[in-house]
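**Q**
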Amino acid sequence: MLKIGHEVVRPGKRFGEPEVSIPIPEELATVPGVPINQREVDWYSREYPLESMNITERASRDWANTLRDQHVEMREIRKEHEKLNRPLIMAARASSELEPTAEPTGEDVTELIKTRARELGFVEVGITYFDPRYSYMSKKNQSNYYEHFIALAFEQDFEPTQTIPSVDAEIVHSSTYRTEGAAALELGNYIRSLGYHAQVSGSGDAVGPYIPLHVNAGVGQQGACGYLLTPHVGSRCRLVSITTDANVSYDKPVDYGIHAFCQVCQVCVNRCPGRALMRDKIWWRGVEKNKLYFKRCRPVMARYLGCGICMKVCPIQKYGLKATMDHYAATGQVLGKGTHDLEGYELEGKGYFGPGELPVFESDFFSSMPHGNEYEWAFEQFKDKARAAGGEITDDLIEDFRAQMASNLSNETTDQLVMMDQDADYI
Ligand code: SF4
Ligand code: SF4
């Protein structure tokens, strides 16, 4: 039995359930939240401000959507999601302009807000300050956000998630975003009824990357897979947020042992079909983390039903953090590691891959993905065609480029209709 270093006490998984105490073995203790160098975060946010990958990597996003749309069911899921999600996004965007519907009492309303969030079905809720270093350039002028950040996580159903990658999992993926989006709007209404403003971030329309602020609010730690791992359901949740000027108290980052545990576990790293997850941590924009290699992930997601295998194979997703830590403390082993139940998956058209088995892809599987935004990519194609023509810039080539740029300019460049993953921006 390993020596227990500290215990983390969290509210029960569902509203009204008793608290859960999670033992963290001493050898897994690192720091609350994430190792961070604030001066580096300052410097990167000033010199290289964050931008949504739905803008900076728009070309590959459009390419991925074209590939996904070749799958009839995926195309229908996407169309249905866009239709149903649009009103939620528009309501969220309008929420910052809404005035409170009552006078505030001046009391601290933290517990009232948290209780209402849990009643609405959120599996995790925490509060921290809204750190503007974690906002996207494109949102800075669009969003009127407030100083306090309510970090929310909504559970995605267990059964369909275990079938990842599958059509069923994609259906529950998008429906969870819509359910949590509606619940967040309802929580915003409640905050206004307490006398305060509430700006809701639409699901799939975030003002910035959620994970750093969710970690600050103590609702989880980032795993080697790039997702936020929450105590009850690991990565099997979708994130959303509300900023507010309500009278609230802040939570603190928590050391759930995940930062060290991932280095022992490595199941997602070993099972990723794209070899897109890094075994070792690096310092990136001021934090120490396992950096996801986007160019090896998106080509798999685009062709294999959104992939998500790194979510499916995570023991914390499947068994919860308490069971995982109890097992590790008792045996020194990772619960489920090496079993077909945890690690096995099927890729449509490729077959089944059990522990230790990975698919092999053709050489152009990764290199054929476009990169940059749609304008950069159009210019790259223009140069390639000119090169192929021996350097001659013909009228046809210019007309082709002009038509492509005109088409790009007429398209909506926001990320409002995109099915995003929890950490789609891979900070
Ligand atoms: S989504 Fe798939 S390809 Fe991307 S990191 Fe996860 S397992 Fe790898
Ligand atoms: S599978 Fe293991 S290494 Fe990957 S995120 Fe989950 S706990 Fe961490």
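Numbering (the numbering used here), first residue to last: 87 to 513.
Beta carbons are placed, not taken as given, at the ideal position from N, Cα and C, and that holds for glycine.
As the structure is a computational prediction, the values presented were derived from the model and not from experiment.
(1) With a Cβ-Cβ cutoff of 8 Å, do GLY304 and ASP331 count as a contact?
(2) Taking 7 Å as the cut-off, is the C-beta of GLY309 nearer than that to any heavy atom in ligand 2?
(3) State yes or no: is the C-beta of GLY43 nearer than 7 Å to some heavy atom of ligand 1?
(4) When you compare only the Cα positions, how much space is there between ALA489 and THR142?
(5) Would you kindly check if the distance between the Cβ of ILE163 and the Cβ of GLU256 is under 8 Å?
(6) So, for HIS413: in the same chain, excluding its five sequence neighbours on each side, which residues have a beta-carbon less than 6 Å away from its beta-carbon?
(7) Can you list, in chain order, the stretches of the beta strand (DSSP E) that have 3 or more residues and sit fully within the stretch 135 to 201?
(8) Three or more C-beta pairs under 8 Å: does that hold for the stretch 367 to 381 against the stretch 306 to 316?
(9) Using a 10 Å radius around the Cβ and a threshold of 16 neighbouring Cβ atoms, would you call SER107 buried or exposed?
(10) Report, in whole angstroms, the separation of the C-beta atoms of TYR220 and LEU299, which I expect to be a contact under 8 Å.
(11) For ALA237, which option in ASP254, ASP217, ASN230 and ASP243 has the closest C-alpha, if you only look at C-alpha atoms?
(12) Does chain D have any CB closer than 8 Å to the CB of ILE175?
(13) Output the distance between the C-alpha atoms of TRP370 and THR201, rounded to the nearest integer angstrom.
(14) How would you write the range of the alpha helix (DSSP H) that SER449 sits in, first residue to last?
(15) Nearest to LEU407 by alpha carbon, out of GLY392, ALA239 and PHE347?
(16) Sort out for me which residues DSSP pairs SER287 with in a bridge.
(17) Tell me whether MET139 counts as near ligand 1, meaning its Cβ is closer than 7 Å to at least one heavy atom of that ligand.
(18) Can at least three beta-carbon pairs, one atom from the stretch 344 to 360 and one from the stretch 279 to 287, be found at a separation below 8 Å?
(19) Going by other Cβ atoms of all chains shown within 10 Å of its Cβ, with 16 needed for buried, is SER138 buried or exposed?
(20) What separation, rounded to the nearest whole angstrom, lies between the Cα atoms of GLU429 and GLY312?
**A** For this structure:
(1) The sequence position of residue 304 within the sequence shown is 218, counting from 1. The sequence position of residue 331 within the sequence shown is 245, counting from 1. With contacts defined as CB atoms closer than 8 Å, GLY304 and ASP331 fail to qualify as a contacting pair.
(2) As a working mapping, residue 309 is identified with position 223 in the sequence shown. Yes, the Cβ of GLY309 comes within 7 Å of a heavy atom of ligand 2.
(3) The requested residue 43 is not part of the displayed model; the chain covers only 87 to 513.
(4) What you label residue 489 is simply residue 403 of the sequence shown in a count that begins at 1. What you label residue 142 is simply residue 56 of the sequence shown in a count that begins at 1. ALA489 and THR142 have their C-alpha atoms roughly 21 Å apart.
(5) On the sequence shown, position 170 is the one that residue 256 refers to. On the sequence shown, position 77 is the one that residue 163 refers to. In this structure, ILE163 lies closer than 8 Å to GLU256 by Cβ.
(6) Residue numbering aside, residue 413 sits at position 327 when the sequence shown is read from its first letter. Taken in chain order, the residues that qualify are LEU421.
(7) If we require 3 residues or more, the stretch 135 to 201 turns out to have no beta strand (DSSP E) run fully inside it.
(8) Taking a contact to require three or more Cβ pairs closer than 8 Å, the stretch 367 to 381 and the stretch 306 to 316 qualify as touching.
(9) As a working note, residue 107 is residue 21 in the sequence shown. By the 10 Å Cβ count, SER107 comes out exposed.
(10) In the sequence shown, residue 220 corresponds to position 134, counting from 1. In the sequence shown, residue 299 corresponds to position 213, counting from 1. With a contact defined as Cβ atoms closer than 8 Å, TYR220 and LEU299 qualify at about 6 Å.
(11) In the sequence shown, counting from the first residue as 1, residue 237 sits at position 151. Residue ASP217 is the option with its Cα nearest to ALA237.
(12) Structure shown: chain D not included; a single protein chain is present.
(13) As a first step, residue 370 must be located in the sequence shown, where it is residue number 284. As a first step, residue 201 must be located in the sequence shown, where it is residue number 115. Each residue's alpha carbon lies about 35 Å from the other.
(14) Working through the sequence shown from its first residue, we reach residue 449 at position 363. No residue range can be given for SER449, since it is assigned to no alpha helix (DSSP H) and is classified by DSSP as neither H nor E.
(15) Counting from 1 along the sequence shown, the entry for residue 407 is found at position 321. Selected option, being the one with the closest Cα: PHE347.
(16) Residue 287 sits at position 201 when you count from the first residue of the sequence shown. According to DSSP, SER287 bridges with SER327.
(17) Within the sequence shown, the letter at position 53 stands for residue 139. No; taking the cut-off as 7 Å, the Cβ of MET139 has no heavy atom of ligand 1 nearer than that.
(18) The stretch 344 to 360 vs the stretch 279 to 287: no contact.
(19) Taking the sequence shown and counting its residues from 1, one reaches residue 138 at position 52. SER138 should be labelled buried.
(20) Counting from 1 along the sequence shown, the entry for residue 429 is found at position 343. Counting from 1 along the sequence shown, the entry for residue 312 is found at position 226. About 18 Å.
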